[in-house]
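Everything below concerns the one structure shown next.
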């Protein structure tokens with residue numbers, strides 16, 4: 142620009158335009174991976190639907206629950222049958238809400254029956270209005286239950302919010318109530334799990350981060366997104382050079398099962414971050430892949446875990462296909478080896494309410510029928 146006077150006059154305008162462009166770029170709405178935009182498969186009518194079950198009572202009481210490992214030593218690896226029953230009984234309504242939401246969202250995205258959607262929104266709205274699950278009186282099991290429930294509900298809700306069929310368009314009032322409740326609960330989850338000492342940061346923190354990541358997408362809150370990414374990095378940096386998580390190795394005979402249990406939230410967070418321009422795959426020299434490879438090798442031969450902590454591994458949990466649902470997001474982040482893909486295809490479809498339902502439908506719809514189809 143040759144005219145210095147004009148240049149000085151235009152400078153503030155050009156600067157504000159540049160700042161505006163930067164702000165616009167930074168404020169791009171958060172979004173989930175592409176599979177969450179899928180439309181309803183087919184619209185069915187008639188009365189073949191399952192109807193709406195009785196709503197679980199909104200849980201507004203204290204979040205002081207007994208642990209299923211009550212009385213166990215520091216390893217927290219020995220199940221206490223009595224306290225597990227007490228835990229299941231006292232949290233039954235919360236679990237019913239989680240499972241019911243996930244199940245009906247899956248049914249609605251498949252069949253498009255309006256009553257399935259209305260039932261789900263009625264349940265969530267009632268719990269939102271009651272300010273459920275927000276008690277400040279909680280123990281470790283209680284705050285764990287809060288973040289699990291939030292992750293289950295928010296990740297199922299994302300399928301409704303982002304679907305190209307726009308099922309929530311005529312339900313804006315309910316959506317606002319539900320999203321405000323999720324948002325408030327996510328703030329509490331952040332408060333519950335933020336800045337724990339490293340020796341207390343384990344799979345629970347990763348699941349808390351997943352619930353906050355799912356909520357960040359449902360509510361378009363960048364601060365929640367950033368917190369989930371921060372917690373992911375803490376988790377990834379706990380993975381040692383051999384793919385072990387020191388705090389999960391402490392779980393003695395259940396160490397391998399808990400390494401596997403750490404993978405779903407970490408893989409989901411990395412997948413959601415990726416689509417929003419944050420690549421977490423290289424964190425701590427590819428920690429997520431190192432952890433996954435260690436677990437998959439351990440499933441074939443658990444000796445490395447036994448050598449590491451001196452305990453023969455309990456393989457019960459690892460016989461359940463659903464426990465490997467993390468393979469869906471993981472195999473979109475990395476190129477999975479042929480034997481891993483074969484394992485994945487043999488186990489599909491992966492449906493797990495804690496990750497919002499049918500992950501195969503979202504990440505690998507070509508194999509949605511699964512199991513030998």
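In our numbering, the protein residues as written are 142 to 514. Glycine included, each C-beta is placed from N, C-alpha and C at the ideal position.
Query: Expressed to the nearest angstrom, what Euclidean distance is found between the alpha-carbon atoms of residue 259 and residue 362?; Result: 26 Å
Query: Ignore the nearest five residues each way along the sequence and tell me which others in residue 464's own chain have a CB closer than 7 Å to its CB.; Result: 401 and 458
Query: On a Cα-Cα basis, can you pick out the residue from 396, 351 and 359 that is closest to residue 374?; Result: 351
Query: Starting from residue 365, trace the alpha helix (DSSP H) both ways and give me its first and last residue.; Result: 363 to 377
Query: Closer than 7 Å by C-beta to residue 225: which residues in its own chain qualify, once you throw out the five before and the five after it? Chain order, please.; Result: 209
Query: Just mark residue 343 as buried or exposed, buried being the case when its beta carbon has 16 or more other beta carbons within 10 Å.; Result: buried
Query: From the DSSP output, read off the bridge partner residues of residue 176.; Result: In the DSSP output, where bridge partners are listed per residue, residue 176 has none listed.
Query: Can you say whether residue 192 is buried or exposed, counting buried as having 16 or more other CB atoms within 10 angstroms of its CB?; Result: exposed
Query: Assign residue 165 to one of three DSSP states: helix, strand, or coil.; Result: Here the model assigns residue 165 a pLDDT of 44, short of 50, so the residue's position is not dependable, and the following value carries that caveat. Correct three-state label for residue 165: helix.
Query: Does residue 510 come out as helix, strand or coil in the three-state DSSP assignment?; Result: coil
Query: Identify which residue in 184, 460 and 203 has its Cα closest to the Cα of residue 251.; Result: 184
Query: What distance in whole Å lies between the Cβ atoms of residue 296 and residue 369, which are believed to be in contact at a cut-off of 8 Å?; Result: Contact flag wrong, Cβ pair sits at about 12 Å.
Query: Report the three-state DSSP secondary structure of residue 339 (helix, strand or coil).; Result: helix
Query: So residue 319 and residue 266 are in contact, right, with Cβ under 8 Å, and what is the actual spacing, rounded?; Result: 6 Å
Query: Could you spell out the range, first to last residue, of the alpha helix (DSSP H) harbouring residue 360?; Result: 344 to 360
Query: Quick one: Cα of residue 357 to Cα of residue 321, how far?; Result: 12 Å
Query: What residue does the alpha helix (DSSP H) around residue 401 start on, and which one ends it?; Result: 396 to 416
Query: If you follow the alpha helix (DSSP H) that residue 235 is part of, which residue opens it and which one closes it?; Result: 233 to 252
Query: For the 8 Å Cβ check, are there 3 or more pairs between the region 196 to 210 and the region 228 to 243?; Result: yes
Query: Determine the closest residue to residue 436 out of 186, 395 and 486, with distance taken between C-alpha atoms.; Result: 395
Query: From the DSSP output, in three-state form, read off residue 493 for me.; Result: strand
Query: With respect to the alpha helix (DSSP H) encompassing residue 334, which residues constitute its N-terminal and C-terminal limits?; Result: 313 to 334
Query: From residue 382 to residue 431, what distance separates their C-alpha atoms?; Result: 8 Å
Query: How long is the line joining the alpha carbons of residue 232 and residue 202, rounded to whole angstroms?; Result: 11 Å
Query: Any contact between the region 480 to 493 and the region 420 to 429? By contact I mean 3 or more CB pairs, one from each, below 8 Å.; Result: no
Query: Does DSSP put residue 204 in a helix, a strand or coil?; Result: strand
Query: Check each candidate in 439, 340 and 280 and name the one with the smallest Cα separation from residue 391.; Result: 340
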